[in-house]
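If you read the sequence shown in full-length UniProt numbering, its first letter stands for residue 1, the second for the next number, and so on. Data block below; observations after.
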Amino acid sequence: MGLCFSADNGDNNKRRPAVIMSRSGHLVDEKKGLPDRVSTTVIFESLNKSPLEQHYTLSKDRQPLGQGNQGSVKLATSVLDRKEVAVKTLDVGMFSSALARTCAANEVTCLKRMDHPNIVRMLDAFYDKSKAKVHIVMERLNGPRMTRLLATQMPQDPTAAAQLRHKLVLQLVDAVAYMHSKGVIYRDLHPENTMVSIDDITRYTLKIIDFGSALPLERSKRLGEQVPQLGSSLFQAPEVEEYQTYGQQADMWGVGVFAYLILTGDMPFSHNIHGIYQALRGEYYPLDDRFGNDARDFIAKLINVKPRKRMNASQCRLHRFLRSHGEEGLVRSLSSRTLADPTAATKRLTAFDSIDAQVTLTRKCVDELAMLSSEQFAVIRQWLNMVSEINAHSMGMCTFGELLDALEANGHTDIARSLKAFHETMLEERGLSNAAKSSTLSAESVLFRTDDLMLATEKRRRNQQQQ
Numbered sequence: 001m002g003l004c005f006s007a008d009n010g011d012n013n014k015r016r017p018a019v020i021m022s023r024s025g026h027l028v029d030e031k032k033g034l035p036d037r038v039s040t041t042v043i044f045e046s047l048n049k050s051p052l053e054q055h056y057t058l059s060k061d062r063q064p065l066g067q068g069n070q071g072s073v074k075l076a077t078s079v080l081d082r083k084e085v086a087v088k089t090l091d092v093g094m095f096s097s098a099l100a101r102t103c104a105a106n107e108v109t110c111l112k113r114m115d116h117p118n119i120v121r122m123l124d125a126f127y128d129k130s131k132a133k134v135h136i137v138m139e140r141l142n143g144p145r146m147t148r149l150l151a152t153q154m155p156q157d158p159t160a161a162a163q164l165r166h167k168l169v170l171q172l173v174d175a176v177a178y179m180h181s182k183g184v185i186y187r188d189l190h191p192e193n194t195m196v197s198i199d200d201i202t203r204y205t206l207k208i209i210d211f212g213s214a215l216p217l218e219r220s221k222r223l224g225e226q227v228p229q230l231g232s233s234l235f236q237a238p239e240v241e242e243y244q245t246y247g248q249q250a251d252m253w254g255v256g257v258f259a260y261l262i263l264t265g266d267m268p269f270s271h272n273i274h275g276i277y278q279a280l281r282g283e284y285y286p287l288d289d290r291f292g293n294d295a296r297d298f299i300a301k302l303i304n305v306k307p308r309k310r311m312n313a314s315q316c317r318l319h320r321f322l323r324s325h326g327e328e329g330l331v332r333s334l335s336s337r338t339l340a341d342p343t344a345a346t347k348r349l350t351a352f353d354s355i356d357a358q359v360t361l362t363r364k365c366v367d368e369l370a371m372l373s374s375e376q377f378a379v380i381r382q383w384l385n386m387v388s389e390i391n392a393h394s395m396g397m398c399t400f401g402e403l404l405d406a407l408e409a410n411g412h413t414d415i416a417r418s419l420k421a422f423h424e425t426m427l428e429e430r431g432l433s434n435a436a437k438s439s440t441l442s443a444e445s446v447l448f449r450t451d452d453l454m455l456a457t458e459k460r461r462r463n464q465q466q467q
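Structure (structure tokens):
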């Protein structure tokens, strides 16, 4: 298959925003040069300080509803009306890093600004000063993750499925446009961070659910370093990957990649290091002949390596492809028999499962690495940093195979064997063994950003020590 190159179609954003962002997550006012520091304590003290238990009863089920970027999410029931809610708990104590406190403060600040049907709704937020915990109470969503919906739960009728794909892209764009209008950059657009609420079987509503990496964008603020998402970097804009300053346009790259995934059922880049290089060069697999010029133009104006050339969220909403006649064209194209082809369906399922498998494997690696002592962990970290610096792929990355090598070389063969067995079993259970053999999920192809893997492990180790 050939590759498309992001076209130079004129400057969609002629004015460079006054607020830009460094790779570390610091906001910089170009006019002033030096940003201010935000006080997380002030934010925490503004939250509800009555005991969470007076208002909500946490489920006794130890299995959480989910694991966000910065904390776990559990089911709870309102004492007042017995409605189910989701409660995300964040540790902000003295043993937590400044990073963790800043993440929690940012998440609460951003969610307070949100009131949109395609963004999870925060109902309340509590600060338990004695236990140094922040509890974020959100609406309880009933529905699958986006990847599950696209892979296995789409309507059987081709026309209905095509209409739903168009609707999901439109809802995604609306949500991001709203966030940007409220001075928030999300930074982590990814299928794992979206769910689809299903009401009355036919009503599908996309919901962006995890604001653990989001940042408010006031010019006077300087926000601490945050941890980007773990696993695949293919949703990250090239300027983020290359440690350049960035702003809201980085989200629009993610919108483009996500929209491509929703529409085609596959990623625009390879699921390996070659895909990273494709993204950095602005190359992607072209939409096939089923898609018209409007769809092609829509994707091309988002997956563009130059931030100023990308559509912003407002421009995106006005694009011909997202208007009513664009839906009609998409229905005609996606209702073709090619989408009903069993081979194509299997390919889509494999693509979505590959994304899920990467996240699952990352979490397992964090669990195992957290069992090491401080000294042992420091050695592994140093080893992986050295590997990511000297290897050809560089960019602060290491492969799953390199992690296994580091563990074995430093005497942790038991952990290496455990991870290797988990990897093989996971692929067999998901029916992805062939994908692994074809390098999609092989040990040499699965990539981690080394710093993110290490920071997540440090956080897990601190949580275990406190328990």
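Don't be surprised by glycine CBs; every beta carbon is placed ideally from N, CA and C.
Range covered by the alpha helix (DSSP H) that runs through residue i
i: Phe-291; result: Note, Phe-291: premise wrong, no alpha helix (DSSP H); not H, not E.
i: Thr-41; result: 40-45
i: Thr-413; result: 413-429
i: Val-305; result: Unbroken run through Val-305: none, as it is neither H nor E.
i: Met-146; result: 146-152
Unbroken beta strand (DSSP E) run spanning residue i, endpoints
i: Val-196; result: 194-199
i: Gln-84; result: This sequence places Glu at residue 84; Gln is not what is there. That run of the beta strand (DSSP E) goes 84-91.
i: Leu-123; result: 122-128
i: Tyr-56; result: 56-58
i: Arg-203; result: 203-208
i: His-135; result: 133-139
i: Met-397; result: 397-399
Beta carbon of residue i nearer than 8 angstroms to that of residue j
i: Asp-294; j: Arg-320; result: yes
i: Val-137; j: Ala-151; result: no
i: Val-85; j: Tyr-127; result: no
i: Ile-198; j: Gly-143; result: yes
i: Leu-441; j: Cys-365; result: no
i: Glu-304; j: Arg-296; result: It is worth fixing the name first, because residue 304 is Asn in this sequence and not Glu. No, the Cβ-Cβ distance between Asn-304 and Arg-296 is not below 8 angstroms.
i: Ala-313; j: Val-169; result: no
i: Arg-113; j: Val-184; result: yes
i: Val-196; j: Met-146; result: yes
i: Ala-443; j: Gly-396; result: no
i: Asp-91; j: Ala-100; result: yes
i: Leu-189; j: Asn-106; result: no
i: Val-120; j: Leu-141; result: yes
i: Ser-59; j: Leu-80; result: no
i: Leu-263; j: Arg-165; result: yes
i: Val-87; j: Val-73; result: yes
Buried or exposed (CB count within 10 angstroms, at least 16 for buried), residue i
i: residue 471; result: Because the chain is modelled from 1 through 467, residue 471 falls outside the range shown and cannot be assessed.
i: Met-154; result: buried
i: Thr-399; result: buried
i: Asp-452; result: buried
i: Lys-83; result: exposed
i: Leu-447; result: buried
i: Gln-54; result: exposed
i: Pro-117; result: exposed
i: Glu-429; result: exposed
i: Pro-51; result: exposed
i: Arg-187; result: buried
i: Thr-362; result: buried
i: Leu-287; result: buried
i: Thr-413; result: exposed
i: Gly-33; result: Low per-residue confidence applies at Gly-33: pLDDT is 32, beneath 50, and the placement is therefore not dependable enough to give any value.
i: Ala-456; result: buried
i: Arg-449; result: buried
Integer Cβ distance of residue i from residue j, believed to fall under 8 angstroms
i: Ala-132; j: Gly-93; result: 3 angstroms
i: Gln-249; j: Pro-307; result: 4 angstroms
i: Arg-460; j: Ala-370; result: 4 angstroms
i: Phe-269; j: Leu-234; result: 5 angstroms
i: Asp-115; j: Val-176; result: Wrong, their Cβ atoms sit about 15 angstroms apart, outside the cutoff.
i: Ala-259; j: Ile-208; result: About 14 angstroms separates the two Cβ atoms, so there is no contact after all.
i: Ile-380; j: Ala-406; result: 6 angstroms
Three-state class that DSSP yields for residue i in the structure shown
i: Val-73; result: strand
i: Phe-448; result: strand
i: Leu-80; result: coil
i: Thr-245; result: coil
i: Arg-310; result: coil
i: Pro-64; result: coil
i: Pro-158; result: helix
i: Asn-106; result: helix
i: Asn-48; result: strand
i: residue 476; result: Any question about residue 476 goes unanswered here, given that the chain covers just 1 to 467.
i: Leu-407; result: helix
i: Ile-117; result: Here residue 117 is Pro; the residue named in the question, Ile, does not match the sequence. Three-state result, Pro-117: coil.
i: Tyr-186; result: coil
heavy atom of the ligand MG below 7 angstroms from residue i C-beta
i: Asp-405; result: Absent from the structure shown: the ligand MG. Ligands present: none.
C-beta neighbour in chain D for residue i, strict 8 angstroms
i: His-423; result: No chain D appears in the structure shown, which is made up of a single protein chain.
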